[in-house]
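One structure below.
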């Protein structure tokens with residue numbers, strides 16, 4: 040579920056095909072995101088899942104899997 044929410048948000052914010060988004064995709068190199076894009080994606084996911092991710096940990100997110108791990112850790116805590 041979290042991956043679907045994340046993938047949808049990434050596709051909307053970055054205007055990319057959701058089928059191109061994999062856990063191994065890097066935000067910067069593969070998806071063309073900058074730090075503001077990533078922040079917007081995480082805010083959207085937080086709103087949809089009603090969670091709050093740690094901003095310091097969010098700064099270390101490089102791949103879609105990193106973001107998913109952070110989101111799942113937050114949901115499960």
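Residue numbers (this note's numbering): 40 to 116.
Glycine included, each C-beta is placed from N, C-alpha and C at the ideal position.
- CA-to-CA, the gap between residue 114 and residue 90 works out to about 7 Å.
- Under the three-state reduction of DSSP output, residue 102 falls in the strand class.
- Non-local C-beta neighbours of residue 45 in its own chain, meaning closer than 8 Å and more than five positions away in sequence, comprise 80, 84, 103, 106, 107, 110, ordered along the chain.
- Under the criterion of beta carbons closer than 8 Å, residue 50 and residue 60 qualify as touching, at roughly 7 Å.
- Boundaries of the alpha helix (DSSP H) around residue 42: 41 to 53.
- Between residue 82 and residue 70 a beta carbon distance of about 17 Å is seen, past the 8 Å cut, so the two are scored as non-contacting.
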